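Just so we're aligned, residue 307 is where the sequence shown starts under our numbering, counting upward by one.
Heads up, the beta-carbon is just placed ideally off N, CA and C, and yes, glycines get one too.
Being a predicted model, the structure only gives us computed values, none of them experimental.
Working notes, beginning with the structure itself.
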Amino acid sequence: QTAPSLATISPDHRAIAEVGKWRSFFLWGYGYPIDDNLARCPRTRDIVERIPGLNSAFFSILAPGTHIPEHRGVTKGLITCHLGLIVPRAGNLRMRVHDRVVRWAEGETLVFDDTYPHEVWNDTDETRVVLLVQFERPLRNPGKWIADLFLGIVRRSAFVQEARANIAQWNAAVKLLDV
């Protein structure tokens, strides 16, 4: 089944996520479980739900020939992890995080602070799929209090609530097609 374009789910990502080029299948988004999607992926659900401080988890699907321009995450309160699931071997598939270029491998993780500038290129003829997970950075107080407060505000923001509504709308349409 096709996953929705990230630009469709999260209009705030339109500047970096060309429609149809970067697709996403959300399991968790900013602390909210996406029950319909979790039910479709029970093994992945069982794994991600054991991650302490889980914030978001989704399949990030990047079409061949796609470039995600430089961007930054919104808070130092989260750590980002990519688990390579389908990683083309031929061609040039890479991510630059700050001043370092890294490459995915199937079954291996890349863990990074996404508040550093980063960008991605899929200069291959194949689709790249990673499980993208964000979890809370271990912090001491008062840093933890500040991070928790900020994430609480973001969770309630129009940015997150609109994405949740768009995911629900997408899932409702998919259910209509499932006969």
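DSSP state of residue i, grouped into three classes?
i: residue 404; result: coil
i: residue 350; result: helix
i: residue 372; result: strand
i: residue 321; result: coil
i: residue 411; result: coil
i: residue 326; result: coil
i: residue 335; result: strand
i: residue 340; result: coil
i: residue 357; result: coil
If you drop the 5 nearest sequence neighbours on each side, which residues of the same chain put their C-beta closer than 7 Å to that of residue i?
i: residue 432; result: 370 and 394
i: residue 351; result: 333 and 344
i: residue 338; result: 470
i: residue 485; result: Below a pLDDT of 50, predicted positions are generally treated as unreliable, and residue 485, at 49, falls in that range; no measurement from the model is reported.
i: residue 391; result: 412, 435, 436 and 437
i: residue 309; result: 329, 330, 331, 365 and 367
i: residue 354; result: 333, 334, 360, 363 and 439
i: residue 475; result: none
Within 10 Å of its beta-carbon, does residue i have 16 or more other beta-carbons around it, so buried, or fewer, so exposed?
i: residue 451; result: exposed
i: residue 447; result: exposed
i: residue 336; result: buried
i: residue 413; result: exposed
i: residue 459; result: exposed
i: residue 376; result: exposed
i: residue 329; result: buried
i: residue 455; result: exposed
i: residue 266; result: Residue 266 cannot be examined here, being either before or after the span of the chain that is shown, 307 to 485.
Please return the same chain residues whose Cβ sits closer than 6 Å to the Cβ of residue i, not counting the five positions on each side in sequence.
i: residue 438; result: 364, 366 and 388
i: residue 417; result: 387
i: residue 429; result: 397 and 398
i: residue 327; result: 369 and 372
i: residue 463; result: none
i: residue 427; result: 373 and 400
i: residue 325; result: 311 and 313
Who pairs with residue i in a beta bridge, going by DSSP?
i: residue 398; result: 429
i: residue 362; result: 440
i: residue 417; result: 387
i: residue 367; result: 329 and 435
i: residue 392; result: 435
i: residue 311; result: 329
Return yes when at least one heavy atom of the ligand GTP lies under 7 Å from the C-beta of residue i, else no.
i: residue 462; result: Summarising the ligand content, the structure contains no ligands, and the ligand GTP is consequently not present.
Return the chain-ordered list of same chain residues with a C-beta closer than 8 Å to the C-beta of residue i, the five sequence neighbours on each side being excluded.
i: residue 378; result: 420, 421, 422, 423 and 424
i: residue 441; result: 357, 358, 359, 360, 361, 384, 385 and 387
i: residue 407; result: 400 and 401
i: residue 445; result: 383 and 453
i: residue 477; result: 340, 342 and 343
i: residue 381; result: 421, 453, 456, 457 and 460
If you scan the stretch 419-448 from start to end, which runs of the beta strand (DSSP E) of 3 or more residues do you find wholly inside it? 424-429 and 434-442
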